[in-house]
Structure formats: C-alpha cells, structure tokens
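Below you'll find the structure, written out as structure tokens, and then a few comments.
Protein chains: 2
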Amino acid sequence: MTETAPSRLLGLATALVAIPSVSHQETLLADAVESALRLCPWLQVERIGDNLVARTGLGRSQRVVVAGHLDTVPPAGGNEEPRLEGDVLYGVGAADMKGGLATFLHVAGTVPEPAVDVTWCFYVCEEVERRHNGLRHLWAEHPGLLEGDAAILGEPTGGRVEAGCQGTLRVRIELVGARAHTARPFTGRNAIHRLGPLLGAVAAYEGRRPVLDGCEYAEQLQAVAVEGGVAANVVPDRAVVTVNHRFAPDRDPGAADAALHRLLDPLLEPGDAWEVIDASAGAPPALAHPVLASLVEATGEAPRAKVGWTDVATFWEHGVPAANFGPADPLLAHTPGEHVSAGELASAAEVLTALLTAPR
Amino acid sequence: MTETAPSRLLGLATALVAIPSVSHQETLLADAVESALRLCPWLQVERIGDNLVARTGLGRSQRVVVAGHLDTVPPAGGNEEPRLEGDVLYGVGAADMKGGLATFLHVAGTVPEPAVDVTWCFYVCEEVERRHNGLRHLWAEHPGLLEGDAAILGEPTGGRVEAGCQGTLRVRIELVGARAHTARPFTGRNAIHRLGPLLGAVAAYEGRRPVLDGCEYAEQLQAVAVEGGVAANVVPDRAVVTVNHRFAPDRDPGAADAALHRLLDPLLEPGDAWEVIDASAGAPPALAHPVLASLVEATGEAPRAKVGWTDVATFWEHGVPAANFGPADPLLAHTPGEHVSAGELASAAEVLTALLTAPR
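Residue numbers (the numbering used here), protein chains in the order written: chain A, 1313 to 1672; chain B, 1313 to 1672.
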C-alpha cells in the first residue's frame, strides 16, 4: 500500500455514500461504478440492468469472484449525506457496504495483473425480498459470468473472515380454540392463552452450537410476529405466531424444520396449523478451499461463523465455496450511526490485494 | 293465562322475528311495536327516534320499568327467517330478545290495570358500541320517562332472575423490548417472548367468587387480542395484549383495575404501558328491593348472578335497582341456533303478569 491509500480510499467511499442507492434505485451508483471499471483496460465489463460484472482474462488457473451489493437500506436518523469525523466516514451504507465497494473498486483499479483471474461483481437489491436480488438474477440468466473457483462476498465483517452462513426458516403456527363470551370463558377455549406455553418454549430455546472448520454457529429461535383476537368480549378461537429459526449449515431446511417440530409439537393439538413460509439453506464454511484458506491467512485473524444469512449461500447453491469479508463492524449494519474508518478500508484493501497477488 | 296464550305468544314472537332489526336498522320493528302499543288506550306512548316508551298513569304508589332492546346481532348460519319446529321458534333474535319483546307486548296489552304503574320501554342499539345505546340516550335526554322504583330488563335468562350484573374492564398492555437481528437476538430483547409469562399469568388467573344476595359472581380474565412484530428478521421491540376483566359488582372499575395491577405488575417493566380502554361498572343484585324480591318469588326459582354486563347497570347508575328476566336460554344468545319455546314464553308472561297484578 502507498501512504496515500487510506485517504484515497476514504475519499472513494465518501463519494459512493454521496450517491443514494436505496434498493430498487441503484442506477446512478451503477453508472458511477461502471465508469470507474471502464477506466481499467484489463477488465471486460458487462452491465445487465444495474448489475455489473468486470472480469480479467489472464488465463490463470484459478478464478476468484468478488461480489458486493450496490443497494442500501433507506436512510435513518439523518444519515442520508456522508459525514467525515476525522478519518471516520458516517452515512447510510458506510458500513453496509459502500466501504466494501470502495475497497473492491480500489483493488480492481490498482491490481492489473493478479495471480488469479478475478471477476468483480456489483449487484442490486440485496437488502430487500430475495426475488429482487441481482446476484440471483445473474446466476439464473448469465451463470457463465459468475463461474469461479471461490467467491468473496463483501459484507461488513470487521476485516476478518466470517465463514459460510446460517440458514433461515420462518414458520407460521396457528393455534386454535373455541369462541365464547368472555363472561363465560369456560364454555370455550382461549387460543391466545395457548400462546403462553408456546412462547415460553420459544424463549427458553437453547440452540445447538456446532463447530465447523473451527467456527461456532449459534442457532437461534425468535418469535417475530404474533396476532390474534376476534372482538372485545369474545374468547378468541385463533392465535398466530410466526417464528424465525436460524440454523447452522450442517443442517438443511428440512432437518431444521424437523428439529423445530420436535421442540414445539408437544404443545400443538389437532386443528393447529404449521406452515413453512420461507426457507433458505445456509452454506458451510468451506475453509479447506485453498483460496478461502489464503484469505483467512491474509487477514491474520481467526475466522468466525456468519450467523446471519448472506449471498454466500447463493454461491454455495451454485457449487462455489464462498466467504464473507469486508471492512466495518457487522453490528453497525442498518443502524443510523453506521460508519467505517480509513484504517479499516486500508486493511481490507491490503488483505484483498495480498490474496489476489500471492503466487499460486 | 288462557289456554290459547302459548300459541298466541309464539305467533307474536314469530312475527317479531320476521321483521329484521339488526342494530341501527330498528325502524320497521319500532313501527310495528308502536302500532301495537297504541292499540292500548291505557298506555301513553312516546316515540323518540326508534325508541318507544309506553306508560300507565294509574297513580299507583310504585312504578316498575320493563325494558327490552329492539335490535339483534346480524343473522348467522341462515337464521334470517323465523322457523317453527313444533312449538319452538328459531331465528335471529328468537332468544335475544324477541321472545322477551313478545312477552312484554302480550302483558302490556292484556293487563290494563296493573297493581303498580308500569313503564314499558323498547330501545335501539343494545348489541353495538355503548355510545349508540338507546336506553342510555333516553336516560341522558328524557330521564323523566324512565323514572321508576325498580326495573326489569328483558335479556334471556331462562325464565329465572339473573341478578345485577358484573362490570367489565378492558386494558391494553404494551410490553417493550429492544430490536435486534434475529441471527443475533442477544443484542436485543424480544417483546413477544415477554408475552409468554404474561399470558401464563392471565390463563392461570383464578377469579374471586363473591356471593351477594345469595348469588355467586364468578370473576374472569381473558386475553382478547394480541399483536406484535416488526419484520421477518427483526427481534420485535413491542408487543401488545388486550385483556378483558369481568368483575363482581362489589367492586368498582377502579378497584378492579387495581386488582389487575396487583396480578400483572410483577411482570411489567419500566417503559411498558397500561391503558384502560373501556370500563363499565356492574350493578349489585339489589334483591332486597320488594319488587325484585317479588319477581324472584314469582319465578319460583332461585336467582343467579348475571356474569355478563347488561343495561341493568344503566338503571343502577341512575339509582334504579334492576334485574334481568326473560324467556330463553341465555347461552343461546348470538348463536345461529338461538330459539325459544311456546312454554318459555308463556311462563315468562305468567311471571310478569303475576308480578304486576299482585296487590301491593
């Protein structure tokens, strides 16, 4: 790294934060990124909608895909505009993940002859419903563009590797009862009261903590919605709770659903309903892969598990081992005070440069 | 009673069921009832909106008010039209309370010289929000019309006295938490999970059963609505439950609210909210009043407590002791299969006639 890299990176990240790119409105940012990529004669750039893919074609024996999303969540707490405090950049997307985008653009533009071929991918709509996800569309319609031996997904990870990702399952559980007048409840059965033990079991849930490739995945179970009631003087005959289960990548959604059934079935009765409304498989850490092992080594830090779901699972679904890696604290994502520092940007760029230039 | 009274009463009740009178649409029925009342030269009839008040003016030392509502809940399960099976009348309102209205009209028209002065009152909108209630409007705007020493309210009671009524209190309890990502719930606090113990306490509630004037009032507590949730992957920071408490008439709403606080406050935390959204006092049985004591005696059955709220409380609020009395099983009210038999109608008419004609 040159001495000026940290401040150049911070300027680039600031410029990216200054271009609004809330999900579904990424065109301006895609234009800017496309312009930057087209300044690099060693990259073949393809634009599909507002998704961008830029590839080296050096005939290397391995190809690494480096992908990041262009979109941000909506601004919150007055963080629309970038704001610098010393060498720290604040603003929507600073952590998730325009700091990462700046790092990628910097490395793409400063490493014309990497030791592996590189595919840079910038895509839309990661922060919204999965059906809009640009990476998913690219895999569905242009799978050749994303082929590679391994992938790096630029989510904020604090500059270390967050390996694989957990799966996610949402189940809607409907409990039944029998209506009655609230002055004579003994003639019916209160379905909302039946929620008590069910929520108790969910709250008392102790998830497995399997260790895969040295990373501990902590499973979770949370009620995310509850609803019930007929009228102000009626014992309700129906109550619905939706739970979200985060499960380690040693299980597929079917096994995770079966585990949930084992936990909650003792509290269910004939007539109750159990509907899986959303299920996404996770991805194993795959840290034995040489590229990902090198990435871990380049960070100089022990990897940890990614407990949330990320597009690492999308790569894994298509047979490409992937890991999460990017600057900024992941806990800041989607918070009004999200930020990234010049030092974090520089470290991430250094790691990525080392990975892509190390002889293989 | 003449031998033909049961079949005449059944015919009258059938005619009343045949005139639809869902709340807010009582005009046709009020027209019919007004015509019948005006056939009785011993009654002074007043119509205020679709409410009717018909009074004797015999200068008796006591005046008894007999009141019943004209409206029904909406039809259900195909019970719009009256249907006779032998001497049993089915149809919306058959039990609640066109059977009672038929009884009242029959006695009003066949007892020209009662031993007490009588005020017959037929009013609108008992089955909907209290602000529409015709009896309440009459008390507010024409209190002189409803003055009396005691009142009989024609709810279905199975032909016995259901004494007084319980009060009702609705409280909206909001539990707070702290938002977090469901993959890292330990950084927040799940407000829906906090519902578990609260619903447990509500479900385990054992109400008092005070005995007043020989009637046991069974207090109840039921959750009637529950709501919460932010997004599919967010630990929710807010959950709301609404409870309905039915309390015996030896307590006022303030004391009932205090008792609820004693039960649930141990589960609440700073930041939670407690809002009384509806409170109606009950009414004590007042069976020591000579008119109500005579009514009990005339039924030949032990009185029991009215556990739901009724307009008996509206009379009591204005200083008039009142009791619920009418034909038909109270548990049939608002059910698609509600019905009343000729025998029930005849018995109720007999009791009322005896009460109003007994020398005082």
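From the three backbone atoms N, C-alpha and C, an ideal C-beta is built for every residue, glycine too.
- Using a Cβ-Cβ cut-off of 8 Å, L1575/A is close to nothing in chain B; its nearest Cβ partner there is about 14 Å away.
- Annotation for I1504/A: the continuous alpha helix (DSSP H) segment containing it runs A1503 to A1516.
- Contacts between G1508/B and chain A, judged by CB atoms closer than 7 Å, involve G1508, L1511, G1512 and A1515 in chain order.
- For W1621/A, the three-state secondary structure derived from DSSP is coil.
- With respect to the C-alpha of G1649/A, the residue from E1539/A, A1414/A, Y1402/A and D1461/A having the closest C-alpha is Y1402/A.
- Around the beta carbon of A1551/B, a 10 Å sphere encloses 16 or more other beta carbons of the protein chains shown; the residue is thus reported as buried.
- P1578/A and G1512/A have their alpha carbons spaced roughly 13 Å apart.
- When DSSP states are grouped into helix, strand and coil, R1367/B belongs to the strand group.
- The beta carbons of A1503/B and V1523/B sit no closer together than 8 Å.
- Relative to the Cα of G1526/A, the nearest Cα in the group P1426/A, P1615/A, V1553/A and R1563/A belongs to P1615/A.
- Here N1636/A is not near E1438/A, since their CB atoms are 8 Å or more apart.
- Contact between V1377/B and C1433/B holds: CB atoms are separated by about 6 Å, below the 8 Å threshold.
- Apart from sequence neighbours up to five positions away, the residues of its chain that approach E1613/B with a beta-carbon distance below 7 Å are R1472, ordered along the chain.
- Contact of D1590/A with chain B is assigned, a C-beta pair being separated by under 8 Å.
- The secondary-structure analysis by DSSP pairs H1493/A across a beta bridge with V1546/A.
- In this structure, D1383/A sits near V1334/A, with a CB-CB distance shorter than 8 Å.
- For L1580/A, there are no C-beta contacts with chain B under 8 Å, since the nearest C-beta of that chain is about 16 Å from it.
- For F1637/B, the secondary structure class from DSSP, reduced to helix, strand or coil, is coil.
- A Cβ-Cβ separation of about 18 Å leaves P1561/A out of contact with A1605/A under the 8 Å criterion.
- For L1487/A, the three-state secondary structure derived from DSSP is strand.
- Taking 8 Å as the threshold, the shortest C-beta distance from V1538/B to chain A falls below it.
- With a cutoff of 8 Å on beta-carbon distance, L1457/A and L1465/A are scored as not near each other.
- According to the DSSP assignment, G1631/B belongs to no beta strand (DSSP E), since it is labelled neither H nor E.
- The distance from the Cβ of T1431/B to that of V1514/B is about 42 Å, inconsistent with a contact at the 8 Å cut-off.
- Secondary structure of R1443/B (DSSP, three-state): helix.
- Chain A places a beta carbon closer than 8 Å to that of V1547/B, counting this residue as a contact.
- About 14 Å separates the beta carbon of W1628/A from that of T1480/A, a gap too long to meet the 8 Å contact definition.
- Between the C-alpha atoms of H1630/A and G1476/A there is a straight-line separation of about 14 Å.
- Of all residues in the stretch 1455-1467 of chain A, none is placed with a Cβ closer than 9 Å to any Cβ belonging to chain B.
- Beta-bridge partners assigned by DSSP to V1538/B: G1540/A and V1553/B.
- In the three-state scheme derived from DSSP, where H, G and I count as helix and E and B as strand, W1354/A is classed as coil.
- In the assembly as shown, F1498/A is an exposed residue. Its beta-carbon has fewer than 16 other beta-carbons within 10 Å.
- With respect to A1325/A, V1652/A sits close: the two C-beta atoms are nearer than 8 Å.
- With fewer than 16 other CB atoms across the displayed protein chains lying within 10 angstroms of its CB, E1518/B is exposed.
- Burial state of I1485/B is buried, judged by a 10 Å Cβ sphere holding 16 or more other Cβ atoms.
- Interface residue (Cβ-Cβ distance to chain B less than 8 Å): H1505/A is classified as such.
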